[in-house]
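Q:
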Amino acid sequence: MKDDLLSYFLIPFFFFFLSMFFLLSDIFFMLEYNLFSLFVCDVNIYFYFDWMSCVFLTVVLYISSMVLLYSDCYMMMEKNKKIFLLLVLLFILSMLLMIICLNLFTILIGWDGLGLVSYCLVAYYQNEASQVASLLTVMTNRIGDVGMLMGIIYMMQYGTWNFLEFKDFKVVNILIVMLLLAALTKSAQLPFSSWLPAAMAAPTPVSALVHSSTLVTAGVYLLLRFFFFFFSGNFSDYLFIVSLMTTLLAGMAASFEMDLKKVIAMSTLSQLGTMFLVVSLGEYILGFFHLISHAVIKAMLFLAAGVVIHASGGYQDMRKLVSIKAVSPAISSFMLIGCLSLSGFPFSSGFYSKDTILEFLYTLHFNYFIIFLVFLTIIFTVIYSFRICYFSIFMGGFSMVYYNKVIEKEFVFSIFMLCLFSICFGSLSNWGCFTTFYMFYMTTFWKMLNNIIFLVLFMMYYKSMKMMSMKLKFKFYSYFCANMWFMPVVNIKILKFFSNFGNYSKVVDNCWIEELGSKGMYSYYTFFGSLMYSLQGVLYTSFLFMLIMFLVLMMS
0 MKDDLLSYFL IPFFFFFLSM FFLLSDIFFM LEYNLFSLFV CDVNIYFYFD WMSCVFLTVV
60 LYISSMVLLY SDCYMMMEKN KKIFLLLVLL FILSMLLMII CLNLFTILIG WDGLGLVSYC
120 LVAYYQNEAS QVASLLTVMT NRIGDVGMLM GIIYMMQYGT WNFLEFKDFK VVNILIVMLL
180 LAALTKSAQL PFSSWLPAAM AAPTPVSALV HSSTLVTAGV YLLLRFFFFF FSGNFSDYLF
240 IVSLMTTLLA GMAASFEMDL KKVIAMSTLS QLGTMFLVVS LGEYILGFFH LISHAVIKAM
300 LFLAAGVVIH ASGGYQDMRK LVSIKAVSPA ISSFMLIGCL SLSGFPFSSG FYSKDTILEF
360 LYTLHFNYFI IFLVFLTIIF TVIYSFRICY FSIFMGGFSM VYYNKVIEKE FVFSIFMLCL
420 FSICFGSLSN WGCFTTFYMF YMTTFWKMLN NIIFLVLFMM YYKSMKMMSM KLKFKFYSYF
480 CANMWFMPVV NIKILKFFSN FGNYSKVVDN CWIEELGSKG MYSYYTFFGS LMYSLQGVLY
540 TSFLFMLIMF LVLMMS
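So the sequence shown is residues 0 to 555, counted in numbering that gives the first Met the number 0.
1) Here's the rule: buried if 16 or more other CB atoms are within 10 angstroms of the residue's CB, otherwise exposed. What is Val-405?
2) Determine the burial state of Thr-362: buried for a count of at least 16 other Cβ atoms within 10 Å of its Cβ, exposed for fewer.
3) So with Cβ pairs under 7 Å, would you call Ser-206 a contact of chain C?
4) Quick one: measure Cβ to Cβ for Leu-34 and Ile-26, integer angstroms, because I've assumed they're closer than 8 Å.
5) For the alpha helix (DSSP H) that Leu-81 lies in, which residues bound it at each end?
6) Less than 7 Å between the beta carbons of Pro-202 and Val-66, yes or no?
7) Count the other C-beta atoms from every protein chain shown that fall within 10 angstroms of the C-beta of Pro-11, then say buried if there are 16 or more, exposed otherwise.
8) Does DSSP classify Asn-126 as helix, strand or coil?
9) According to DSSP, is Asn-140 helix, strand or coil?
10) Indicate whether Phe-48 and Phe-20 have their beta-carbon atoms separated by less than 7 Å.
11) Could you check which residue in Leu-427, Gln-130 and Asp-316 has the C-alpha nearest to that of Phe-16?
12) According to DSSP, is Lys-472 helix, strand or coil?
13) Nearest-angstrom Cα distance between Cys-388 and Ser-70?
14) Around the Cβ of Tyr-401, are there at least 16 other Cβ atoms within 10 angstroms (buried) or fewer (exposed)?
15) Below 8 Å CB to CB, which residues in the same chain sit around Ile-151 once its five sequence neighbours on both sides are set aside?
16) Quick check: the Cα distance between Leu-214 and Met-154, rounded to an integer number of angstroms?
17) Mark Ile-173 as exposed unless 16 or more other C-beta atoms lie within 10 angstroms of its C-beta, in which case mark it buried.
18) Per DSSP, what are the beta-bridge partners of Leu-247 in this structure?
19) Would you kindly check if the distance between the Cβ of Leu-268 and the Cβ of Met-591 is under 7 Å?
20) For Trp-50, which of Gly-313, Val-411 and Ile-99 has the nearest alpha-carbon?
21) To the nearest angstrom, how far is it from the Cα of Tyr-351 to the Cα of Lys-78?
22) Count Cβ pairs between the stretch 372–388 and the stretch 324–338 that sit closer than 8 Å; are there 3 or more?
This is the structure we're talking about:
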């Protein structure tokens, strides 16, 4: 297993150097294979390798290799460990197929593979919570799959499903809406945000791979690939509002949630909203930079959170966690680095993308209300990063749980490699990987405004937590924010409505339409046929009696 992982670990570096070659040479490689022709539409398989796909392949394969190494020890006592690892490999295969394919039809194969395998992984423990979470996950994602299918059906009239050929077409709004629906549901944007925290019922390695860096970023990647689509229509303003509201929703929820894995999931949702926000403003390169820099950070935080939960005896409530620094000082250091990078600490991986995004938003001259909302998202990012560090490193008690040193070495290695990547990748990408340079000229006031507002809002949050923690209104506000503005309840009600509507439709189909339609006609013809048969029997007896009487009369 370790030898296989070593060879699998070397593959990301191959794609990294390949991406640098494609980026500096401004070339790409495409492989085409014709499967069959359907009417006027050719069904071809395209494998497209450019700098963007190779960079994303590097990140996905790098995280996957570390998660597989981590899972080999984390799932050691599980009976179905081999099935779990096979599901993870199948998920990685679906993700790779979605990344390198040009054809929307073949993208759908990887897209559906991601949804179905994630359903199996969320339901792995087979208890009531995981089954409900898996059902909510797959039902919500199927809404986006319907959008993808409708987009494929509409693209048939152009005779191709290759999105590179659509640069020359005038795309109608309905196709943009369908693809935007698919991207929003897969990345858990409003109003489809409730499935992501529910999916935390899955094992921790699944959360690190599926719900932090691969599955949820598939929607952002689809948006980047079809970037020229969305700016041919007038949907950028709608996408900006949705992404900003999602970022606020997730930031507020993460600032009041007490489940460790859900806090990290909410932070992932908040950063996904930031990616959509940047893409809606036309800077898709900057959005992609933010995607790959935060994917590794979130994967590292999930793996470190798994160690904390393991040392705490399975508890995920942050008030019952042990101090990870007493169990493993190395992992506590990595977790602290990850939280600092997530909050945008200077010269960390998260700093380069966050600082560039913030300065870019200043240059667009938004009104002060939008700028205030952006500052709120920033302060929420710092708050939930601080809460993760405070509860898991500094506040927790001592653990009496036996901690295997061999397992600790495996955990430390995988988390260390992700931590190293999260430290170096931001500066490496900012200096040498991207040819687009962002130069902003700002006054001292605007540069200092970030620090001033940060300190003021952080002190307000700290004082409010100290002074109002026992008041009923504050408890309701905390409950309201931690439950994502009651979005899970609303989504469940909507799903129940459509389920009940399906039952009513089934009653109408099976009763009224069947009785008045095929079943009624069948009953009518059956009755009429039996009646004619009876009449024919009576007439046949009468004719036979008359024939006998006639013969008797003739013989007499």
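Idealized CB from N, CA, C, for every residue including glycine.
A: In brief:
1) Along the sequence shown, one-based indexing puts residue 405 at 406. Annotation note: pLDDT 46 at Val-405 (below 50); position unreliable, no value reported.
2) As a position in the sequence shown, residue 362 is number 363, starting the count at 1. With fewer than 16 other Cβ atoms within 10 Å, it is exposed.
3) As a matter of chain content, chain C is missing from the structure shown, which is built from one protein chain.
4) As a first step, residue 34 is located in the sequence shown; it is residue number 35 there, counting from the start. As a first step, residue 26 is located in the sequence shown; it is residue number 27 there, counting from the start. Contact doesn't hold; Cβ gap of about 26 Å is too wide.
5) Within the sequence shown, numbered from 1, the residue matching residue 81 stands at position 82. It is worth fixing the name first, because residue 81 is Lys in this sequence and not Leu. Looking at the DSSP string, the run of the alpha helix (DSSP H) that includes Lys-81 is 80–99.
6) Residue numbering aside, residue 202 sits at position 203 when the sequence shown is read from its first letter. Residue numbering aside, residue 66 sits at position 67 when the sequence shown is read from its first letter. No, they are not a contact pair.
7) Working through the sequence shown from its first residue, we reach residue 11 at position 12. Answer is buried; the Cβ neighbour count reaches 16.
8) On the sequence shown, residue 126 is found 127 positions in, with the first residue counted as 1. Here Asn-126 sits in coil by DSSP.
9) For the purposes of this step, residue 140 is identified with residue 141 of the sequence shown, where counting begins at 1. Looking at Asn-140 - three-state DSSP - the assignment turns out to be helix.
10) Translated into the one-based positions of the sequence shown, residue 48 becomes position 49. Translated into the one-based positions of the sequence shown, residue 20 becomes position 21. Contact flag unset, no.
11) Reading the sequence shown from its first residue, position 17 is the one you call residue 16. Here the closest residue by C-alpha is Leu-427.
12) Numbered from its first residue, the sequence shown carries residue 472 at position 473. With a pLDDT of 48 at Lys-472, under the threshold of 50, the modelled position of that residue is not reliable, and the figure given next carries that caveat. Lys-472 falls in the helix class under three-state DSSP.
13) Here residue 388 is taken as the residue at index 389 of the sequence shown, counted from 1. Here residue 70 is taken as the residue at index 71 of the sequence shown, counted from 1. Straight-line Cα distance between these residues: approximately 24 Å.
14) Residue numbering aside, residue 401 sits at position 402 when the sequence shown is read from its first letter. A caution first: Tyr-401 carries a pLDDT of 47, below 50, which makes its placement in the model unreliable, though a value can still be read off. Looking at its Cβ environment, which holds fewer than 16 other Cβ atoms inside 10 Å, Tyr-401 is exposed.
15) Counted from its first residue, the sequence shown places residue 151 at position 152. Hits under 8 Å: Leu-103, Phe-104, Leu-107 and Trp-160.
16) Within the sequence shown, residue 214 is the residue found at index 215, counting from 1. Within the sequence shown, residue 154 is the residue found at index 155, counting from 1. About 25 Å.
17) Locating residue 173 in the sequence shown gives position 174, counting from the first residue. Flag for Ile-173 reads exposed.
18) The residue labelled residue 247 in the question sits at position 248 within the sequence shown. Per DSSP, none; premise fails for Leu-247.
19) A query on residue 591 cannot be resolved here, the shown segment of the chain reaching from 0 to 555 and no further.
20) Along the sequence shown, one-based indexing puts residue 50 at 51. Residue Ile-99 is the option with its Cα nearest to Trp-50.
21) Locating residue 351 in the sequence shown gives position 352, where the first residue counts as 1. Locating residue 78 in the sequence shown gives position 79, where the first residue counts as 1. So the two alpha carbons sit approximately 43 Å from each other.
22) yes
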